[in-house]
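S.K.:
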Amino acid sequence: ELSFIHRYEPATDPKRPPLLLLHGTGGDENDLLGLGRMSSPGSALLSPRGKILENGMPRFFRRLAEGVFDEEDVRFRANELADFVAEARRAYGLEAPVAVGFSNGANIAAAMLMLRPEALAGAALLRAMVPLSSAPQVDLAGKRVLMISGAMDPIIPADNSNRLAASLSASGAEVQHQMLPSGHNLSQTDLSLLVKWFGQPG
Ligand code: MLT
Numbered sequence: 004e005l006s007f008i009h010r011y012e013p014a015t016d017p018k019r020p021p022l023l024l025l026h027g028t029g030g031d032e033n034d035l036l037g038l039g040r041m042s043s044p045g046s047a048l049l050s051p052r053g054k055i056l057e058n059g060m061p062r063f064f065r066r067l068a069e070g071v072f073d074e075e076d077v078r079f080r081a082n083e084l085a086d087f088v089a090e091a092r093r094a095y096g097l098e099a100p101v102a103v104g105f106s107n108g109a110n111i112a113a114a115m116l117m118l119r120p121e122a123l124a125g126a127a128l129l130r131a132m133v134p135l136s137s138a139p140q141v142d143l144a145g146k147r148v149l150m151i152s153g154a155m156d157p158i159i160p161a162d163n164s165n166r167l168a169a170s171l172s173a174s175g176a177e178v179q180h181q182m183l184p185s186g187h188n189l190s191q192t193d194l195s196l197l198v199k200w201f202g203q204p205g
């Protein structure tokens, strides 16, 4: 028994990296399977359900208010999720996955990059914000990160996502940050950018 409720789909194209799919607040392990299949056809998909419940809505860590995080819990949950990834890699025989996270799922993926960089080969962060007020010293050399943010996102000020991109770059990650004229919700443009990014050689 693995430590998170999850969905798993084996790869059909061995050249594609496994994806770790991380849903937003109120989502579950089924939400991002379609996005994962379209973004990187043939990738293995590993999709856990966040263990925190906020008024019945699953999340990956606790928050005190919208955009105000319980950072002790962020740290605990990022480590717990990285441990799950290690378990799942052994159970299913996987390489380190590329995270594809939306909103709360993107935020826990960003925290994992900072706290447990070995857990992820890279990450696509959709509508992410700075997860920890002081970023740990970490070496992200060789990791590709796609960030797609919304200039009119009511939850995430553009300045906040820009700071996250800068911090990941400063740690050595190969960051591509796209600022779309959109809000918090995903659009067809997000999907096109994901497909393009996954199609580029690592
Ligand atoms: C978070 O709590 O991670 C952010 O506020 C995004 C969200 O899930 O609404």
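Residue numbers (this note's numbering): 4 to 205. Glycine included, each C-beta is placed from N, C-alpha and C at the ideal position.
Quick check on residue 16: buried or exposed, where buried means 16 or more other Cβ atoms within 10 Å of its Cβ?
M.R.: Counting from one through the sequence shown, the residue named residue 16 turns up at place 13. Exposed: under 16 other Cβ atoms inside 10 Å.
S.K.: Where do the N-terminal and C-terminal ends of the beta strand (DSSP E) with residue 62 fall, by residue?
M.R.: For the purposes of this step, residue 62 is taken as the residue at position 59 of the sequence shown. Residues 60–62.
S.K.: What's the C-alpha gap between residue 14 and residue 42?
M.R.: Position 11 of the sequence shown, counted from the start, is the residue given in the question as residue 14. Position 39 of the sequence shown, counted from the start, is the residue given in the question as residue 42. Taking the straight line joining both Cα atoms gives about 13 Å.
S.K.: Tell me the rounded alpha-carbon separation between residue 146 and residue 203.
M.R.: Counting from one through the sequence shown, the residue named residue 146 turns up at place 143. Counting from one through the sequence shown, the residue named residue 203 turns up at place 200. So the alpha carbons of these two residues sit roughly 13 Å apart.
S.K.: Closer than 7 Å: is that where the CB of residue 78 sits relative to any heavy atom of the ligand MLT?
M.R.: Reading the sequence shown from its first residue, position 75 is the one you call residue 78. No, the Cβ of residue 78 stays beyond 7 Å of every heavy atom of the ligand MLT.
S.K.: Can you find at least 3 beta carbon pairs, one from the segment 112–125 and one from the segment 151–165, that sit closer than 8 Å?
M.R.: With the cut-off at 8 Å, the segment 112–125 and the segment 151–165 do not touch.
S.K.: Rounded to the nearest angstrom, how far is the Cβ of residue 25 from that of residue 94, given a contact under 8 Å?
M.R.: As a position in the sequence shown, residue 25 is number 22, starting the count at 1. As a position in the sequence shown, residue 94 is number 91, starting the count at 1. Residue 25 to residue 94, Cβ: 18 Å. No contact.
S.K.: Give me the residue from 46, 158, 106 with the minimum Cα distance to residue 21.
M.R.: As a first step, residue 21 is located in the sequence shown; it is residue number 18 there, counting from the start. The residue with the shortest Cα to Cα distance from residue 21 is 46.
S.K.: Using CA atoms only, rank isn't needed, just tell me which of 88, 106, 58, 56 is closest to residue 98.
M.R.: Against the sequence shown, residue 98 aligns to sequence position 95. Looking at the Cα atoms, 88 is the closest of the given residues.
S.K.: Where in the segment 49–101 do unbroken runs of the alpha helix (DSSP H), each at least 4 residues long, occur, reported from the N-terminal end onward?
M.R.: As far as the segment 49–101 is concerned, its whole alpha helix (DSSP H) runs of at least 4 residues are 74–95.
S.K.: Using a Cβ-Cβ cut-off of 7 Å (strictly less than) and excluding sequence neighbours within five positions of residue 90, which residues of its own chain qualify?
M.R.: If you number the sequence shown from 1, residue 90 lands on position 87. Answer for residue 90: 5, 6, listed in chain order.
S.K.: Return yes when at least one heavy atom of the ligand MLT lies under 7 Å from the C-beta of residue 158, else no.
M.R.: The residue given as residue 158 occupies position 155 in the sequence shown. Yes, the Cβ of residue 158 comes within 7 Å of a heavy atom of the ligand MLT.
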